[in-house]
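Here the sequence shown is numbered in numbering that gives the first Met the number 0, starting from 0 and rising by one per residue.
For each residue, glycine too, the CB sits at the ideal point set by N, CA and C.
Read through the structure below, which is laid out as structure tokens, and then see the notes.
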Amino acid sequence: MASGKNQMRRGVHQALYKYLPGSWADFTTGGGSVNYAVHVDRWNSIPLQDINPKRLLRVVSRHVNAFQSASPDGASALVDFSAQINEDTYYVLTPKAGGEERAVVTSVNPLLFVCSSCGKVERYADKDAFRHRRSDLCVCGKPMIQIKFIRFCKCGYADGLPMPRCRNREHGGRYVVRRGSGIDFVCSKCGQKATFSFYCPECKEKLEIKPALDSAHYFPFTFSLIDLLDQRKDAFLDAQEEQRGEKIILGQYLGLITQGEYQDIIAKGRIPQSAEFEHDLREEEESLRSGGLPEELIAQVLEVKRRQDPSGKIYEAIARVEQGLSLQNADEIKPLAEEILEYDELVHAKEVLSLAQAEADAESIRDGIRPDYISLSKAMGFSNVQICSGVPVVFAAYGYTRKERECTAGVKLRGFPQEMDKKNIYANRLETEGVLFEPDRVRVLEWLLQNRLIAPEDAPRERSDEQLKMWFLDRVSLALIEPFAEVDAHARGGAVTKRVYALLHSIAHALIHEAAEICGLDKSSLAEYLMPNIPAIFIYCSNAQGFNMGALYSAFQGHFDRWLRHAAERSMHCIFDPICMDREKACAGCLFLNEVSCQHFNKDLDRGYLCGRFDPETQEKLTGFWEVS
0 MASGKNQMRR GVHQALYKYL PGSWADFTTG GGSVNYAVHV DRWNSIPLQD
50 INPKRLLRVV SRHVNAFQSA SPDGASALVD FSAQINEDTY YVLTPKAGGE
100 ERAVVTSVNP LLFVCSSCGK VERYADKDAF RHRRSDLCVC GKPMIQIKFI
150 RFCKCGYADG LPMPRCRNRE HGGRYVVRRG SGIDFVCSKC GQKATFSFYC
200 PECKEKLEIK PALDSAHYFP FTFSLIDLLD QRKDAFLDAQ EEQRGEKIIL
250 GQYLGLITQG EYQDIIAKGR IPQSAEFEHD LREEEESLRS GGLPEELIAQ
300 VLEVKRRQDP SGKIYEAIAR VEQGLSLQNA DEIKPLAEEI LEYDELVHAK
350 EVLSLAQAEA DAESIRDGIR PDYISLSKAM GFSNVQICSG VPVVFAAYGY
400 TRKERECTAG VKLRGFPQEM DKKNIYANRL ETEGVLFEPD RVRVLEWLLQ
450 NRLIAPEDAP RERSDEQLKM WFLDRVSLAL IEPFAEVDAH ARGGAVTKRV
500 YALLHSIAHA LIHEAAEICG LDKSSLAEYL MPNIPAIFIY CSNAQGFNMG
550 ALYSAFQGHF DRWLRHAAER SMHCIFDPIC MDREKACAGC LFLNEVSCQH
600 FNKDLDRGYL CGRFDPETQE KLTGFWEVS
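Here's what the structure looks like:
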């Protein structure tokens, strides 16, 4: 990061969260003698390597479209975004690290200064005029100090304060002095109040004034993504018609295809057939072609024949997936397949520590007393818990709003300044650690039924592993889970989706709050990653400060029992009860997290889902998930 000839060193990850274009930052000169508020003008970036940009941009597109859909302004709510967000129109960039060229370019802003002694106010015309100033002193000989206030609008406009002017046009700004330490200005010549325009030059709405370093005027829009780098799987998925690749991934997850068969399919890039059957297919293909049949029809005939292969176990698995799922189009099935690949990435992380191993390690820490992590975990409704290290996570920022984060009228989501021949988003890739929590599917289903959140006829007929997995895949709709809105319980599939997602979301927030206490970390250092179709929760170190903490590992290994018990106890109390429990269901006093940790903006949270609550409207008791035995 730099300003003029001065530079400050910051980590790439820190830049991604705190020094994005359009924001303001605190800057201290090289000698440390002067402190300025500076505006981040632009970045000098390079393409981020060793990531899957296609998938990342696909997620960006979903988020941007979701903002547009949620906004009453529709398409006009987006500024500086391409109509299509893909590899043809966007780069995934990261700031340059090292070298002489500055990665983050800033300029001093506001350019309004006041004498520390006499109160005289002056404003530089532009950043070049400030850069070439002759002195930092007032005509009276005392230092001029920056007035660190900006004016901004929810449309995205923002700038430092202009020069206040006396209402007497003859006096203008020549005699303006500041009164006090705020933004109260008067004309020393006539005593009249000096002021400036309070209306946005772009949308004509009234401007708001705040300190330049106040975070309330700049809201970056970010998300994290478990990176899926296996190019073979990408190629296989893209090569298959009728979402066969996605259905094979689902079939492997359901146990219809063995891990060996699955790996063989991915390695070959095609669905295998028996040798004899393949020979017959090739002969028929030659016969059809010699008969002059169009290639399109040949492909259709061969496809039908392949499905008739008596040894085609893979096609049988595909057929079972098709029968079990009501979802058939690519937009619905592809996110499901990607979620399973993410889950596999966690289960088979570079380093994994099971709960049983953590128990054994804790025994040596606790002077030979072995804690009962596994029994406690089952009692609280988890079928599997493990720590995962070396998980590839990409953190991305795709735009920002001002004044408000919500998609209300007049709020614009702005993209970042274009650096090259395409538009850009910014990202960074880290390998991090986290804890994977898998709620028991039977327990979740029993909780739903016990509280009559679903009807008995909506539950799966069988409780086999395959049927339960299929039920969650089919009945929880990822399409209904948008970052900027509550899940619509009245939409098709909305009732189950909302309950399951809100349960997972509430569990994640309770666990993050308690983990931060145990680890001695700020809650913004931890983040959630929800996989509602599994269902699973991944709580990980977001590394917002740019260093590896190892704190979750310690909490998992030595204090797992305390972590779970205290999370359950914490869910039972809030300083804003009874209003929180009866009306809000969750608030800043109990479950809320900041936007770095929660990508759903604290929506779909219900503390009663964890600890239970009485509904005064229905006069019924809701049993909490952690109360179910």
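Among the options, the one whose alpha carbon lies nearest that of residue i
i	options	result
PHE415	ARG564, GLY250, SER541 and TYR425	TYR425
GLU432	LEU448, ALA488 and LEU525	LEU525
ILE574	ALA566, GLY492, LEU590 and ALA567	LEU590
GLY549	VAL434, ASP603, LEU609 and LYS53	VAL434
SER75	ARG178, ASP127 and CYS406	CYS406
ASP330	GLU315, ARG61 and ALA215	ARG61
TYR35	HIS278, ALA65, PHE129 and GLU86	PHE129
ASP439	ASN450, ASN532 and HIS508	ASN532
GLY179	SER214, CYS117, CYS165 and TYR608	CYS117
ILE386	LEU429, ALA378 and LEU352	LEU352
HIS131	GLY140, PHE600, LEU110 and ASP581	LEU110
TYR16	THR400, PHE394 and SER374	PHE394
Beta-carbon proximity check, residue i vs residue j, cutoff 8 Å
i	j	result
PHE151	LYS522	no
PHE381	PHE471	no
LEU227	GLU341	yes
ALA357	PHE559	yes
SER553	VAL595	no
TYR397	VAL39	no
TYR89	ASN423	yes
ILE536	LEU503	yes
ILE50	VAL91	yes
ILE144	SER115	yes
ALA585	TRP625	no
HIS512	ARG569	yes
LEU253	MET469	yes
ILE506	LEU345	no
ARG57	PHE218	no
ALA65	PRO482	yes
ARG166	GLN191	yes
GLY607	LEU592	no
VAL103	ALA14	yes
VAL107	PHE80	no
SER44	GLU321	no
VAL11	ALA69	no
First and last residue of the uninterrupted alpha helix (DSSP H) at residue i
i	result
THR496	493 to 518
HIS12	11 to 17
CYS610	607 to 610
HIS709	Residue 709 falls outside the range modelled here, since the chain spans only 0 to 628, and no answer is possible.
TYR397	Looking at the DSSP string, TYR397 is not in any alpha helix (DSSP H); the run it does join, the beta strand (DSSP E), is 381 to 400.
ASP560	550 to 570
VAL320	312 to 323
TYR472	Checking the sequence, you will find Leu at residue 472 rather than Tyr. Residues 464 to 474.
ARG150	Unbroken run through ARG150 is the beta strand (DSSP E), 148 to 151; no alpha helix (DSSP H).
TYR252	243 to 252
Span of the beta strand (DSSP E), counted from its first residue to its last, around residue i
i	result
TYR261	Careful: TYR261 lies outside any beta strand (DSSP E), inside the alpha helix (DSSP H) at 258 to 267.
LEU435	422 to 438
TRP23	23 to 27
GLN145	143 to 145
ALA234	Segment 230 to 238 is the alpha helix (DSSP H) holding ALA234; no beta strand (DSSP E) there.
GLU619	619 to 621
ASP40	34 to 42
ARG177	175 to 177
TYR372	Segment 372 to 378 is the alpha helix (DSSP H) holding TYR372; no beta strand (DSSP E) there.
SER223	218 to 225
Rounded distance between the beta-carbons of residue j and residue i, thought under 8 Å
i	j	result
VAL392	TYR156	In fact, because the Cβ distance is near 34 Å, the residues do not count as touching under 8 Å.
PRO632	TRP42	An answer regarding residue 632 cannot be provided, because it is not within the stretch 0 to 628 covered by the chain.
GLY557	ALA361	6 Å
LEU287	VAL300	6 Å
ILE149	LYS209	7 Å
ILE270	ILE332	17 Å between Cβ atoms; not a contact.
GLU350	SER325	That belief does not hold up - the Cβ atoms of GLU350 and SER325 are roughly 38 Å apart, past 8 Å.
Closer than 7 Å: residue i CB and nearest the ligand NAD heavy atom
i	result
LEU111	Within the structure as shown, the ligand NAD is missing, as the structure has no ligands at all.
Touch check for the region 113 to 121 and the region 169 to 183: three-plus C-beta pairs under 8 Å? yes
Looking at C-beta atoms only, is the number of pairs between the region 196 to 205 and the region 178 to 187 that lie closer than 8 Å three or more? no
Using a Cβ distance threshold of 8 Å, determine whether the region 368 to 378 contacts the region 394 to 411, with at least three qualifying pairs required. no
Inter-stretch contact (C-beta, 8 Å, three-pair minimum) for the region 508 to 527 and the region 476 to 496: no
Would the region 446 to 458 count as touching the region 243 to 259 if we require 3 or more Cβ pairs under 8 Å? no
Segment contact, 8 Å Cβ cut-off, at least three pairs: the region 332 to 352 with the region 218 to 233: Cβ pair count under 8 Å is three or more, so yes.
Do three or more CB pairs link the region 261 to 269 to the region 230 to 237 at distances below 8 Å? Judged by Cβ distances under 8 Å, the region 261 to 269 makes contact with the region 230 to 237, as three or more pairs qualify.
Check whether the region 491 to 508 and the region 440 to 447 touch, using three or more Cβ-Cβ pairs below 8 Å as the test. By the criterion of at least three beta-carbon pairs nearer than 8 Å, the region 491 to 508 is in contact with the region 440 to 447.
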